[in-house]
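Numbering (my numbering), first residue to last: 13 to 469.
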């Protein structure tokens, strides 16, 4: 415990805390994300399941501490009085294993862990639990409805061919397509653990990402529309290198009516959202589009959905396999569906079209054309520890999970909704996606609350 406290002090003093997973009070060697928190009922079913679940929480902590250790500046490393970072990582892992073994032997600690392993939402209680939110939610709800109508019109125009721009660049994964049979065979072989979580092998994950890699169609009028790789500039500001197209990827999970399903997440980053007028409060440094596909057990896509990395503009694109469930409260942001997709074959790719400058998604359809350029993959977790000019590494995200350089003026107007710095780019696991109501991009029950299987697709 002394070592964990020493390490925590060093990390916090240096400002390199990784915020993607929640640190569980009283268990400094464990962290939890929303999906792992959703497994608490399964974990409580027996000792084998509980131990497996606790090991999952320990792995989340070890992963975060590896990032934090790597990002520690040299003076902070010296204060830890260890030979090197490998020794610090080894000691952290050893101490975590000792503490886990002690706590798993104590029934009271096991009960405490089940109670505390709940991730707080990313809405400020002092706003949401007072009259501020209640007073402001009505006008904001009207604003959301207005945006939905605007987006529906953009989708209608794109579908009809109106205003189709000639300067559209198409980016596709630089990898051969994968057949439906190969996808089905891979998923049939994926082992499932005692918690019901599938664990595809690294080679299988690689193949799945290639199979579903979307084609990005970007209306391009300037360098702000070129996707690329994030890095730190010499001045300490993150920038997007547009020399070669890159799409970041992440494997995730969701619960869907008793099953755990795989999700593939693809993110394209852009240098900025340029202002379209002198009063544009939505413009700012960095922008991006996140596309997620939720796979059924046979490899067919159940639904796609999309946000910007700030959590804004959440759209759902269900396929013919599922239907939308009515919102429990018509006033809250539930599931905006501007377009639907047919039943897609396993491994079938889609094309995501984006508007220039604001990078709004305006069309999602089965891919049907050749690309102008190919993009490479990068791992989304790379953003947690990017090389600095000279030496050392630093996360794109601060301890508050925000990209400091990407703040938007809109935050001054949207704070009554309880979201800190609305419009600012955010880290995975910390993306609220509704101004009216509560919704996070990584909610484990996001899909099962909003969609049900069709009996006869």
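Just so it is clear, CB atoms sit at the ideal spot from N, CA and C, and this is done for glycine as well.
| Query | Result |
| --- | --- |
| Residue 105: first and last residue of the uninterrupted beta strand (DSSP E) it sits in | No beta strand (DSSP E) holds residue 105; the alpha helix (DSSP H) holding it covers 97-116. |
| The stretch 219-228 touching the stretch 270-280, judged by at least three CB pairs closer than 8 Å | yes |
| Complete beta strand (DSSP E) runs within the stretch 146-200 (minimum length 3 residues, chain order) | 180-185 |
| Endpoints, alpha helix (DSSP H) assigned at residue 424 | 423-426 |
| Residue 238, buried or exposed, once every other Cβ within 10 Å from all chains shown has been counted against 16 | buried |
| Collapsed DSSP secondary structure at residue 143 in the structure displayed | helix |
| For residue 307, the three-state DSSP class (helix, strand or coil) | strand |
| Sheet register partners of residue 327 (DSSP bridge) | 318 |
| Pair within 9 Å by beta-carbon distance, residue 248 and residue 283 | no |
| Candidates 116, 432, 212 and 330, of which the one nearest residue 66 by Cα | 116 |
| Where the beta strand (DSSP E) through residue 48 begins and ends | Element bounds for residue 48: not the beta strand (DSSP E) but the alpha helix (DSSP H), 46-49. |
| CA nearest to the CA of residue 436, picked from 320, 208 and 90 | 320 |
| Buried versus exposed, by CB contacts within 10 Å (16 or more), residue 53 | exposed |
| Local conformation of residue 211 per DSSP, three classes | coil |
| Closest Cα partner of residue 439 within the set 366, 322 and 365 | 322 |
| Span separating the alpha-carbon of residue 118 from that of residue 392 | 37 Å |
| C-beta contact flag for residue 291 and residue 313 at 9 Å | no |
| Closest by C-alpha distance to residue 297, when choosing among 355, 236, 447 and 21 | 236 |
| Inside the stretch 373-397 only - beta strand (DSSP E) runs reaching at least 3 residues | 373-378 and 385-391 |
| Residue 55 versus residue 425 - alpha carbon distance | 42 Å |
| Residue 243 (DSSP reduced to helix, strand or coil) | strand |
| Residue 26 versus residue 317 - alpha carbon distance | 36 Å |
| Opposing strand residues paired with residue 300 [DSSP bridges] | 281 |
| Cβ contact (3+ pairs, closer than 8 Å) linking the stretch 85-93 and the stretch 411-430 | no |
| Three-pair Cβ contact test at 8 Å for the stretch 392-406 versus the stretch 374-382 | no |
| Alpha carbon of residue 364 to alpha carbon of residue 44, nearest angstrom | 32 Å |
| Selected residue, minimal CA-CA separation from residue 267, among 430, 256, 460 and 40 | 460 |
| Residues that DSSP places opposite residue 405 in a beta bridge | 399 |
| Nearest-angstrom Cα separation, counted from residue 262 out to residue 388 | 14 Å |
| Secondary structure of residue 224, DSSP reduced to three states | helix |
| Check whether residue 220 and residue 190 have beta carbons under 9 Å apart | yes |
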